[in-house]
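Residue numbers (the numbering used here): 3 to 712. Data block below; observations after.
Encoded structure:
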């Protein structure tokens with residue numbers, strides 16, 4: 003290979019020469035050279051050859067943490083080879099979404115003596131063999147060595163090479179300028195062709211157009227030359243046309259498609275790309291399903307498969323929708339609702355693994371009896387579902403006969419013809435299998451296989467996130483169950499009821515708590531509180547606060563809160579806590595209350611009227627170690643009832659807090675004469691109607707009965 007020596011004018015020139023050499027020596031269609039600035043973690047595209055700069059816009063800056071081939075190559079310091087579009091979709095679904103075209107890719111690191119300096123990416127046409135040849139690998143290594151030599155020398159001189167705001171784009175290699183006689187002969191040749199001809203440059207602009215071509219597309223030569231056809235011709239303002247141009251430029255393979263020029267003229271477009279642009283041959287055809295037209299893969303496109311532009315729309319819509327999924331069940335429902343109709347799938351099933359066995363998370367179109375055959379099956383079983391899961395390689399069966407040849411005892415038919423088994427891989431780890439069933443034979447062309455594999459990658463990532471959420475949710479509920487009272491104690495002379503509602507957003511667990519503590523035959527204590535946030539940290543602190551209150555119960559309310567406050571101040575958890583403590587004297591028909599910044603309790607008098615008790619305020623627990631908490635005494639005769647609650651019950655968007663508290667008091671009044679359990683249920687229903695559910699709610703109701711001691 004040619005050596006890039008130090009005789010050139012600048013380091014940039016030498017890097018450009020290394021890229022040009024790689025393009026020439028490897029036969030690649032596209033080469034991209036990235037630099038990694040010292041001490042940084044984001045690769046920057048410095049030099050680009052083979053495609054226009056705007057096509058590389060999504061890849062100008064690539065974080066090393068991104069799931070992108072060049073990031074992995076630089077981090078792991080080894081070559082990443084992707085021999086097909088399908089393999090790209092399986093291993094790197096994100097770039098496969100943006101580049102749904104046929105090509106092979108190599109990403110190689112640029113490594114100095116002790117650190118990574120950047121990376122090199124090369125793309126070959128989709129017709130490239132599945133493996134790099136020894137000569138190509140040697141050329142890639144030689145280009146990397148040349149680039150590393152330049153970068154290392156410049157760093158040693160104290161002037162490391164930096165990438166600009168955008169890459170330097172090398173000009174394409176063009177054919178020699180023809181002699182006048184050759185140009186005339188070429189023009190005569192084109193004029194004799196029965197259709198129209200045009201050429202597009204690398205950017206898609208029309209550089210040449212025959213009169214026949216202009217007539218066929220409905221324009222004039224002088225108006226169209228120099229323009230982008232999808233901008234200058236209104237009927238071409240469809241993503242299909244630009245997508246075909248991009249696909250031809252990246253894959254460097256002939257492509258064709260049929261389009262309708264309104265009102266009724268169908269046209270065939272055949273695209274023949276090379277490094278300098280695309281030659282286009284345009285002919286009129288009788289309809290949209292002309293069988294003589296080859297696709298990019300050399301075969302007729304499957305009539306049951308959605309077109310690329312439509313498929314991409316569905317794929318992006320599915321990707322956006324999956325970001326809204328929280329639980330595994332959310333993911334399964336979205337797949338069933340979005341995937342099946344968009345991609346004409348008659349049956350699908352999502353399977354995950356647990357303890358070495360399959361678990362059915364959801365299915366549609368397959369019978370329950372069939373799904374029972376898979377539920378609990380060991381991963382060592384000889385079945386297509388487990389085979390793709392353990393190998394990580396998708397399997398496509400165009401007909402049921404083909405499926406039977408691979409798995410003779412299979413009983414998957416159920417009126418279905420074709421099947422796809424797609425491993426669900428997240429960060430290289432298998433998380434499950436997606437099974438798709440079709441009622442007709444299906445060709446499963448490489449483009450469709452790559453598309454389905456990309457879909458499986460998106461689903462796998464959503465499932466992995468959902469599995470983490472479900473695990474945290476289960477942990478949260480378990481923690482909540484252990485931190486709140488399992489049952490309330492039975493105390494003579496009191497009717498007590500409590501309810502807890504987790505926030506509808508978050509982890510389903512919060513810092514709200516309540517407790518009822520029997521002290522002796524005629525006294526009891528009640529407490530309610532709210533730690534900031536609704537997550538596991540808040541819940542853990544809530545458990546400490548509840549334990550502290552329990553340990554001090556029986557002391558005067560002011561002392562109980564003061565002791566708890568000192569404990570929190572010493573712990574310094576960074577979270578504050580509101581708390582309301584009530585000492586119930588059943589014999590004396592009275593209650594002593596102290597508050598640490600908690601919402602005011604409600605007192606329903608025996609006659610039915612409800613009063614909002616405005617207690618002397620005390621600081622939230624954990625702010626000031628020396629804070630004091632005044633005590634208030636109220637009468638609590640038989641028939642009187644207290645409602646203690648957290649702020650989630652009265653915080654209503656757009657409503658003043660005093661108004662919402664007064665409305666809660668009215669609801670409490672309506673429960674006069676009913677058991678506290680029934681009243682608690684009524685207040686919970688009320689809360690679900692008027693509050694947004696964005697905060698936890700704890701509720702504790704206490705009524706003094708006529709049978710109380712005294």
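By construction, the Cβ of each residue, glycine as well, lies at the ideal position given by its N, Cα and C atoms.
| Asked | Found |
| --- | --- |
| Residue range of the alpha helix (DSSP H) that includes residue 95 | 95 to 100 |
| Neighbour-count burial assignment, residue 209, 16 or more Cβ in a 10 Å radius | exposed |
| Through-space distance from residue 646 to residue 618, alpha-carbon basis | 16 Å |
| CB of residue 109 within 7 Å of CB of residue 72, strictly | yes |
| Alpha-carbon spacing of residue 39 relative to residue 625, whole angstroms | 46 Å |
| Limits of the alpha helix (DSSP H) - the one that residue 182 falls within | 182 to 194 |
| Contact belief for residue 644 with residue 666 at Cβ below 8 Å, rounded distance in angstroms | With a Cβ gap of about 13 Å, residue 644 and residue 666 do not count as contacting. |
| Beta-carbon proximity list for residue 500, same chain, < 8 Å, skipping 5 on both sides | 487, 490, 516, 518, 682, 700, 701, 702 and 703 |
| N- and C-terminal bounds of the beta strand (DSSP E) containing residue 168 | Counting along the chain, residue 168 falls outside any beta strand (DSSP E), and DSSP gives it neither H nor E. |
| Selection from 257, 18, 205 and 212 that minimises the alpha carbon distance to residue 233 | 205 |
| Beta-carbon contacts of residue 639 that lie in its chain and below 7 Å, excluding the five residues immediately before and after | 591, 608 and 706 |
| Cβ contact (3+ pairs, closer than 8 Å) linking the segment 146 to 156 and the segment 90 to 103 | no |
| With 16 other Cβ atoms within 10 Å as the buried cut-off, status of residue 175 | exposed |
| Residues of its chain near residue 662, where Cβ-Cβ distance is below 8 Å and the 5 sequence neighbours each way are ignored | 652, 653, 654 and 692 |
| Reduced DSSP secondary structure (H/G/I, E/B, other) of residue 175 | coil |
| Closest Cα partner of residue 543 within the set 52, 514 and 467 | 514 |
| Best match in 431, 428, 452 and 15 for proximity to residue 422 [C-alpha to C-alpha] | 452 |
| Residue from 122, 46 and 61 with nearest C-alpha to residue 82 | 122 |
| Coil, strand or helix - residue 34 by DSSP | strand |
| Inter-residue spacing [alpha-carbon to alpha-carbon] between residue 598 and residue 531 | 9 Å |
| Opposing strand residues paired with residue 267 [DSSP bridges] | 263 |
| Proximity of residue 439 and residue 353 at Cβ, strictly below 7 Å | no |
| Per DSSP, the bridge partner or partners of residue 365 | 351 |
| Reference residue 505; option with closest CA among 695, 247 and 43 | 695 |
| Residue span of the beta strand (DSSP E) that contains residue 123, given as start and end | 118 to 127 |
| Length of the line joining the Cα atoms of residue 162 and residue 15 | 14 Å |
| Distance CB(residue 31)-CB(residue 169) smaller than 7 Å | no |
| Buried versus exposed, by CB contacts within 10 Å (16 or more), residue 358 | exposed |
| Residue 339 - partner residues in DSSP beta bridges | In DSSP, residue 339 forms no bridge with anything. |
| Three-state secondary structure (DSSP) of residue 332 | helix |
| From 613, 612, 614 and 634, residue whose alpha carbon lies closest to that of residue 620 | 634 |
| One or two residues paired with residue 105 in a DSSP bridge | 127 |
| The segment 38 to 57 / the segment 131 to 145 touching (three or more Cβ pairs under 8 Å) | no |
| Rounded straight-line distance, which links the Cα of residue 686 to that of residue 579 | 23 Å |
| Helix, strand or coil at residue 302 according to DSSP, with G and I counted as helix | Because residue 302 carries a pLDDT of 38, less than 50, the predicted location of this residue cannot be relied on, and the following value inherits that uncertainty. Correct three-state label for residue 302: coil. |
| Classification of residue 473 by the beta-carbon crowding that lies within 10 angstroms, buried from 16 upward | exposed |
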